[in-house]
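Numbering (the numbering used here), first residue to last: 123 to 288.
Right, one structure below, let's go through it.
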């Protein structure tokens, strides 16, 4: 068992509160994402390196339904770039008026080997996502399509999620 695997296994056994306390003792005080809840409490434990996606407010001249079919749209590229073992973290500026992902994108992340998803925004298709054994934490649920509120601009860059630097 390599060190990384051993550390991952130890972290999976520890509670989030214990990890946050230990990080606090080390001087890391702003490491916990407040206000996010699991879609399925039975599937809410995961450990992994962050893969990030950043949204800004949408623009009517840029965000049409055709946007989601563009292979160069950053959200699509980010999903297709997700690596096995990563946690997909989305910065939606805390705006919960539209879902940042739905069942199709979450399924794609799971198939690509991601171990969880975290967003400070909303998700669509919450019952279908909750039925998967894939951990998802979100601030809310919304039926609205992401393009009605959000425009993806970048991925695999530093972001803020729920007030924490990722």
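Idealized CB from N, CA, C, for every residue including glycine.
Alpha carbon to alpha carbon, what distance is there between residue j and residue i?
i           : j           : result
residue 213 : residue 177 : 6 angstroms
residue 179 : residue 244 : 14 angstroms
residue 175 : residue 181 : 18 angstroms
residue 157 : residue 166 : 15 angstroms
residue 194 : residue 208 : 21 angstroms
residue 123 : residue 171 : The pLDDT assigned to residue 123 is 42, lower than 50, so where the model puts this residue is not dependable; a value taken from the coordinates is nonetheless given after this. Each residue's Cα considered, the two are about 19 angstroms apart.
residue 249 : residue 127 : 32 angstroms
residue 267 : residue 255 : 23 angstroms
residue 137 : residue 191 : 40 angstroms
residue 151 : residue 188 : 42 angstroms
residue 147 : residue 135 : 19 angstroms
residue 133 : residue 149 : 19 angstroms
residue 163 : residue 215 : 24 angstroms
residue 142 : residue 265 : 33 angstroms
residue 221 : residue 159 : 15 angstroms
residue 145 : residue 281 : 20 angstroms
residue 261 : residue 234 : 24 angstroms
Spatial neighbours of residue i within its chain, please: CB distance less than 8 angstroms, with the 5 preceding and 5 following residues excluded, ordered by chain position.
i           : result
residue 184 : 273
residue 186 : 269
residue 173 : 200, 203, 204, 205, 208, 209, 210, 211, 236, 277, 278
residue 253 : 162
What do you reckon, is the C-beta of residue i under 6 angstroms from a heavy atom of the ligand SAM?
i           : result
residue 142 : The model depicted lacks the ligand SAM and carries no ligand whatsoever.
Leaving aside the five residues before and after residue i along the sequence, list all residues of the same chain whose C-beta is less than 7 angstroms from its C-beta, in chain order.
i           : result
residue 251 : 161, 225, 228, 245, 258
residue 263 : 244, 245, 248
Which same chain residues end up closer than 6 angstroms to residue i when comparing Cβ atoms and leaving out the 5 residues on each side of it in sequence?
i           : result
residue 240 : 211, 259
residue 236 : 204, 208, 210
residue 223 : 245
residue 238 : 168, 209, 257
Taking the Cβ atom as the reference point for each residue, do residue i and residue j lie within a distance shorter than 7 angstroms?
i           : j           : result
residue 130 : residue 169 : yes
residue 217 : residue 283 : no
residue 271 : residue 198 : no
For my contact list, residue i and residue j are in at a C-beta cut-off of 8 angstroms; report their separation, rounded to the angstrom.
i           : j           : result
residue 286 : residue 154 : 7 angstroms
residue 230 : residue 201 : 5 angstroms
residue 279 : residue 196 : The Cβ separation is near 10 angstroms, so there is no contact.
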